[in-house]
Structures are given as structure tokens and as C-alpha cells.
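Numbering (the numbering used here), first residue to last: 13 to 135. Everything on this sheet refers to the single structure shown next.
Rendered as C-alpha cells:
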């Protein structure tokens, strides 16, 4: 059994009763974040941005969301027609785990709170 602990800015891998330090590095490094995600049993929340071109508000939202791991849905594509019918006049629209959370502009304070409540951080 592998257990991962975070200690003094290090990732510590525990194999049964023995302790093995994989590497000491700041936890903000991409390698550390990837390892934590790889071995995590927690499912990360899914942040979805509904968008289309042209859309100046969507462009602003994409810039604000750059530090966050998220997926984008282009509502102008035929396979996303249901989202186009629903959000054509309201983009950008933001969902967290499939639930509507906001539209038009990113409320970073609200988004941070929702992500913290969901147990995640910026990517």
C-alpha cells in the first residue's frame, strides 16, 4: 500500500511501514502537483466554460481562468446545439461539476470559495 504525505514542502511516499522520500521540492512545482493528482483518490471538480467566437466577454473570462484547470465547450458546434439553445445570449457561462455557478463575468472570489469547498486549488 502506498500512502502519500505532504511534509515540510516535500512529498513523502510511505510503502507499508518504511518511509521513502521520492524527492524534496516545493509543492508548487508542476511535477509535485502532477504526482499528487496521479496518486490522489479524490476526484477533482470539473470547471466548464461555455463559450463561442466571437465573444469579447469569453476572451476576458479565458484570461481570468488561465490559472485554473478547466474545460471549454464551444456552443457554436453542432454537437453542442443544446447548449447553444440554452446559453446563446448569456455566454460566457460557468459550471462547476455540471451545475451552473455564474455567467457573463468571472467572480474570482466566488470561484475560489467554490473550489475550496470542493477541495481543490488552482492548477
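Ideal placement from N, C-alpha and C gives every residue a C-beta, glycine not left out.
* Per-residue burial, residue 125 [other beta carbons within 10 Å of its own, 16 or more giving buried] -> exposed
* Asked: Cβ of residue 83 within 8 Å of Cβ of residue 60?
  -> yes
* Smallest Cα separation from residue 70: which of 123, 86, 90, 111? -> 86
* Whole-angstrom Cβ separation of residue 104 and residue 73, contact assumed at under 8 Å? -> 4 Å
* To do: Mark residue 94 as exposed unless 16 or more other C-beta atoms lie within 10 angstroms of its C-beta, in which case mark it buried.
  => Classification for residue 94: exposed.
* **Where the beta strand (DSSP E) through residue 115 begins and ends** => 111-115
* If you drop the 5 nearest sequence neighbours on each side, which residues of the same chain put their C-beta closer than 8 Å to that of residue 109? -> Excluding residues within five positions, the ones whose Cβ falls inside 8 Å are 57, 58, 130.
* Under the rule that 16 or more other beta-carbon atoms within 10 Å means buried, what is residue 121, buried or exposed? -> It counts as exposed.
* Report the rounded CA-to-CA distance for residue 100 versus residue 81, giving the unit in angstroms. => 24 Å
* Asked: Does any C-beta atom of chain B lie closer than 8 Å to the C-beta of residue 65?
  -> Absent from the structure is chain B; it holds one protein chain and no more.
* Expressed to the nearest angstrom, what Euclidean distance is found between the alpha-carbon atoms of residue 115 and residue 90? -> 22 Å
* Span of the alpha helix (DSSP H) around residue 96 -> 93-99
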